[in-house]
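The sequence shown maps to residues 1 to 109 in full-length UniProt numbering.
Presented below is the structure to which this report refers.
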Amino acid sequence: MIENLCPILSWNIRGLNLPARRATVAEVDVSHRLGILCLQETKISTWTAHLAREVGGARLRDCVVLPAFDTRGGVAILWDPDVVEITSHAIGQFAITAQARLKASGKTF
């Protein structure tokens, strides 16, 4: 990865309940070497550490989630802690906001 580059993907995933969908997300991370992955409409009401590892793979090891209500909604932000530090975040009723810092350059966004 270029030192000051942090690929970010925002994806309306329309549900992560199927293992095949979670595997697809992990494959996309591997192929694009993402620094941050934002997922909407996860439809996951209960997140576990195992589920987060399955979705994030070996690289996107940290996450913050807004669980779905029943089978509606759900948001997750996953990131590579070797590339990005999430310095603060807030979980609202329908969204997550976060401030990130690139470890290589110190730039925040």
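C-beta: ideal position from N, C-alpha, C; glycine also.
Quick caveat: nothing in here was measured; it's all calculated off a predicted structure.
In the same chain as E54, and ignoring 5 residues on each side of it, the C-beta atoms closer than 6 Å to its own belong to R22, in chain order.
Per DSSP, R101 lies in no alpha helix (DSSP H); the unbroken beta strand (DSSP E) holding it starts and ends at I96 to L102. About 22 Å separates the beta carbons of G74 and P81, which is beyond the 8 Å limit, so they are not a contact pair. Contact annotation: E85 and A100 have beta-carbon atoms nearer than 9 Å. Counted as a single uninterrupted DSSP element, the alpha helix (DSSP H) harbouring T24 occupies residues P19 to H32. Sorting A52, E41, L5 and A98 by C-alpha distance to the C-alpha of T87 places A98 at the top.
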